[in-house]
Structure formats: C-alpha cells, structure tokens
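**Student:** Supplied in structure tokens, the structure appears directly below.
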C-alpha cells in the first residue's frame, strides 16, 4: 500500500473564488505513481469547500448566488462576537462539504464525462491550504 | 491491498428518482471478496447524488419536496444559456453530495440499524453511471 | 495494509447536540498504531451528522439556528405518518453529511489550523453509534 500526500496553497484575490484544480490533481497522481486506489482532496480550512461538478462559468455564478441565498452574509452571527466576519463562510463550507474522494483506476482519476474538481474559497484574500 | 471497481448504469423513467442500491452493493462486496476496508460509492454524473438514509417512502417524498424548495427549478439559471435546463439538478447534487463511503468490517457493509444507500437522480431519462 | 475499527456510543441529553470528538479520535489513532492512511468517521444513524469545522461556541449556535431554518421541524412531514417525529433530523443529516475522512500523515490526524471534528446529534435522547 502506497501513500502520497501533497499540500496545495491558494491565495485568492477575491473573497469568494472557485478554482478548477483538476489538472493539478492529474499531475499529482502522475508524480505519485499510484495506479489503483483513491485520492482524498480535502480542504484544510473551515471556510473553504471542495466539490466535483461541471466546469461551466454560468453554473459557477449560479452556485455562488445560490450559496449566498442559503447561507447569506449577515452582521449578526454570534461567531462575529469573536471579531471574525466570516460566519457565512463557515456555513457555506458545511453546505457543500470540504472534501471529495476520487477513485483511481488504471492510473487515472476515474471521472464521469463532465466531472471536474473545484476548490471553493469562501473567505479569501488569506493564504489557504489543501491536502 | 485489493481493489475492485464496478460501474452501475441507471436509466430512470422519471426526472427525479431515488433508487435504493443497498442490495446491489452487498452483491458487489460478495463478488469482490474484500473483508476489511471501505467501499466508495460515487456518482459519475454532476446532476446525481448518493446518500445514506432511511428506506421509507414518506421520507423520500419529504426529501424530494425539501430539495425542490432549497434548490428549485428556475428558468433563469445562467447555466441555461448553454441550452441546458438542469441548473437545479446541479445544485441538488451539491446539496446532498455525490458520494458516500461505507466501512467494510468482517466482510459486511458496516451499516447502522436503518442505513440504506440511495442513488439520487436529479436529471433523469438519460443513461447515467456510478462507480 | 492495516485496518482498525472502533465504535463510539453517544447518549445525548438534549434533542440537538454537537459533540467535539477530536481528542477521542486522536486517542483511537494512537491505539491503532496507524502512521499513514485515512480515518473514516461515519455516523451509524440517519438522524446524525459528522463535520469538520471550528470549535467556537457562537458558531455552533449559528450552525444550529441555520440548520433549523433550512431544515425546520414541521408537523406535516410525510415521514411522521409512521409515528416518527424526526423528519427534520433526517433532512439536517443529509444537509451536513454523515461522514468525514481525515488524512493520517506521520501518525497524526492531518488537520488544518482550526479543524475539529464534530458529531452532530439531531434526534437525541436515544443511544447512538458511530464507527
């Protein structure tokens, strides 16, 4: 059994940003030499998410708007008593989940026809990690 | 370490359909001969979900209604500019997540008392895969 | 390849309760002797969740309030025709997901700076299991 871990760092320019990391993950898989197994893609921050979905700009805007509707920015989250202003980012992270697992088959990430992996930053402009 | 992959295909009759795949997964586990480990059940489509919950018809209707409330069909999703009409199905998929992992202990799927695995189709009447 | 399974039991005092199980998981990892791999933390009940997020009391109250807004208690869930009263707990469980995977690196749970694991009970005052 072989394990390979790599950490990625993101420093987004916008507060909320959705980054397609599929080709990065393909490179990591190649480097690892793993042929069968699973790749865990897991955000290391509690205000970020990871999902598998379509790479389509309109859809990304729909998702962003939808997340803001279901888990809106609000001044009066209790969490803000700590001095933070990112209560909504925690809720958005819970909503989309912070990790996915990609099956590896014959040395390839075993995706369906349109599956792409996104790192979703909900509280950006800080340095953030992913393993 | 042993790996075993199987692909399932669904061709649903309705737009939204929830299929209990627990017994299918039990058969696959038997075929694989794996005694300890994990089974990843992951939708290969970006308009489908996989969840673990109760097998109760009323609850399935409640879930369907709830998903339609939180991620409703709308004409004006930006994603529809591509000619698609399934924006809501993408959002529903993000909401329930597209995969689960089932622990395997002593050659059995290690479920709690009421846990059943569902494949949730949110944009059906097309052929869809699951690995 | 080494596998180690442990079951935890919770008997909460309140209907909804959020229990930080991070230190318990650290003890289990130590006992297991596993140095590289993944730890699956998966609720065995269909009215419970498991998530990774911040250990901050205000935030936990925000999350609780938010979940009650998105998946409220209602008298008229169809699931209640079975005699149950926990329809909302099933929906809350779907919303936050019932499991997480924690990467294990160098014999440690490989968390980001603020990541803590919570067991979320949505239908408490019964004995519940986690594997």
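Protein chains in written order, with this note's numbering: chain X, 1 to 131; chain W, 1001 to 1131; chain U, 2001 to 2131. C-beta: ideal position from N, C-alpha, C; glycine also. Since the model is a prediction, treat every value here as computed from it, not as a measurement.
1. Within 10 angstroms of its Cβ, does residue 56/X collect 16 or more other Cβ (buried), or is it exposed?
2. Apart from the five residues on each side of it in sequence, which residues of its chain come closer than 8 Å, Cβ to Cβ, to residue 117/X?
3. Roughly how many angstroms lie between the CA atoms of residue 2015/U and residue 2046/U, to the nearest whole one?
4. Once the 5 residues before and after residue 8/X are set aside, which same chain residues still bring their CB inside 6 Å of it?
5. Going straight from the alpha carbon of residue 61/X to that of residue 68/X, what length do you get?
6. With burial defined as no fewer than 16 other Cβ atoms inside 10 Å of the residue's Cβ, what is the status of residue 86/X: buried or exposed?
7. Could you work out which residues of chain X lie near residue 1983/U, taking near to mean beta carbons separated by less than 9 Å?
8. By DSSP, does residue 2051/U sit in helix, in strand, or in coil?
9. Using 10 angstroms around the beta-carbon of residue 76/X, count the other beta-carbons present and answer buried if the total reaches 16, otherwise exposed.
10. In chain X, what lies closer than 8 Å to residue 1077/W by C-beta?
11. DSSP beta-bridge partners for residue 2120/U?
12. Do we get a CB-CB distance below 8 Å when we pair residue 1036/W with the residues of chain U?
13. Between residue 1104/W and residue 1036/W, is the Cβ-Cβ spacing less than 8 Å?
14. Looking at the structure shown, is residue 28/X part of a helix, part of a strand, or coil, going by DSSP?
15. How is the beta strand (DSSP E) around residue 1104/W delimited, first residue to last?
16. What is the rounded straight-line gap between the Cα of residue 1119/W and the Cα of residue 1090/W?
**Tutor:** For this structure:
1. With 16 or more other Cβ atoms within 10 Å, it is buried.
2. Hits under 8 Å: 20, 21, 22, 25, 41, 50, 51, 52, 100, 102.
3. Going from the Cα of residue 2015/U to the Cα of residue 2046/U covers about 14 Å.
4. Here the set comprises 130.
5. When rounded, the distance between both Cα atoms is 11 Å.
6. With a threshold of 16 other beta carbon atoms within 10 Å, residue 86/X meets it and is buried.
7. Residue 1983/U is absent from the model: chain U starts at 2001 and stops at 2131.
8. Residue 2051/U falls in the strand class under three-state DSSP.
9. Flag for residue 76/X reads exposed.
10. 58, 59, 62, listed in chain order.
11. Beta-bridge pairing links residue 2120/U to 2018/U, 2049/U.
12. Under the Cβ criterion of 8 Å, residue 1036/W is counted among the residues facing chain U.
13. Going by C-beta atoms, residue 1104/W is nearer than 8 Å to residue 1036/W.
14. Residue 28/X falls in the helix class under three-state DSSP.
15. In the DSSP assignment, residue 1104/W falls within the unbroken beta strand (DSSP E) covering 1099-1105.
16. One C-alpha to the other measures close to 15 Å.
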